[in-house]
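Right under this line is the structure:
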């Protein structure tokens, strides 16, 4: 994992450093809402465009999940145990 990977993950989620756990989770929820495949693909009535949009939204959903996992592992410190 390079600095470029982290920068790309931050860009996908629309975040900048420093990142908190709450901000990371909120950004994930917002992006998943925006890129929900059914919601995103319903912006057109053309069947061909519908399937293209659906596939694009599925790809973005995977990228959002991967970005969240990467940033969670690298940038958000674990909670100290009491």
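Numbering (my numbering), first residue to last: 32 to 113.
For each residue, glycine too, the CB sits at the ideal point set by N, CA and C.
Asked: Three-way DSSP call (helix, strand, coil) for residue 78 in this model; Found: helix
Asked: Inter-residue spacing [alpha-carbon to alpha-carbon] between residue 84 and residue 100; Found: 24 angstroms
Asked: For residue 33, the first and last residue of its enclosing alpha helix (DSSP H); Found: Taken as a continuous stretch (DSSP letters only), residue 33 belongs to no alpha helix (DSSP H), as it is neither H nor E.
Asked: Residue of 89, 40, 102 and 43 minimising C-alpha distance to residue 70; Found: 89
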